[in-house]
Amino acid sequence: LHLIGRQLGAPVAAEIARDLVVYLRRAGTDPALSPWLMHRNHLHPAVHRVQDAVARDPAARWGSAELSAAGCTSPRNLARLFAEHAHCSPLDYVQLIRYAFARQLVTHSRLDLERVAAKSGFRSAQHLRRVWSRWEARPPGASR
Numbered sequence: 130l131h132l133i134g135r136q137l138g139a140p141v142a143a144e145i146a147r148d149l150v151v152y153l154r155r156a157g158t159d160p161a162l163s164p165w166l167m168h169r170n171h172l173h174p175a176v177h178r179v180q181d182a183v184a185r186d187p188a189a190r191w192g193s194a195e196l197s198a199a200g201c202t203s204p205r206n207l208a209r210l211f212a213e214h215a216h217c218s219p220l221d222y223v224q225l226i227r228y229a230f231a232r233q234l235v236t237h238s239r240l241d242l243e244r245v246a247a248k249s250g251f252r253s254a255q256h257l258r259r260v261w262s263r264w265e266a267r268p269p270g271a272s273r
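Per our numbering, numbering through the sequence shown is continuous, rising by one, with the last residue being 273.
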């Protein structure tokens, strides 16, 4: 795909990649689309750089200055690029990735909620619960 992208352009490589996807079977309780892949169906390199940086270290301090530095652009331009290409704000994306990371920890570890919140980049367990409620009706403890 990299070679195709270099020869024919990124849009052609993306279209071929979509055709080559083999969909995995999933359980009925699994989300239709992984939070790690949501808002990634675009080709803008600055937005991808920010998304990759956040996915590598969800617990890092991701203020507007840090996010725009990762994307090599200004905070205002980054917000515009995210709205146009990812269809969400940079903060919404950070919260989504932190939620996904916290969900993995809640499901696959015995850490208490305070430690899960700290490892995921949330200020407190209460902050984690508030963000969690955006995507799930049940509280984090019910996912264990």
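Even for Gly, the Cβ is constructed at its ideal location relative to N, Cα and C.
What number of angstroms, rounded off, separates the C-alpha of Arg169 from the C-alpha of Gly270?
When rounded, the distance between both Cα atoms is 29 Å.
Please report the distance separating the alpha-carbon of Gln255 from that of Glu265.
Near 15 Å, if we compare the C-alpha coordinates of Glu265 and Gln255.
In terms of alpha-carbon separation, which member of Ser197, Ser272, Ala188 and Ala189 lies closest to His177?
When only C-alpha atoms are compared, the closest one is Ser197.
Using a threshold of 8 Å, state whether the C-beta atoms of Gly200 and Val179 are closer than that.
Yes, these two residues count as a Cβ contact at 8 Å.
Can you name, in chain order, every residue of its own chain whose Cβ lies under 8 Å from the Cβ of Ser253, other than the five neighbours on each side?
Same-chain partners within the cutoff: Glu243 and Ala246.
May I ask you to report which of helix, strand or coil DSSP gives Ser249?
Reduced to three states, the DSSP call for Ser249 is helix.
Helix, strand or coil for Asn170 per DSSP?
Three-state DSSP puts Asn170 in coil, outside helix and strand.
Got a sec, what are the start and stop residues for the alpha helix (DSSP H) His237 sits in?
Note, His237: alpha helix (DSSP H), Pro219 to His237.
Using only the alpha-carbon positions, how far apart do Leu257 and Phe251 sit?
One C-alpha to the other measures close to 6 Å.
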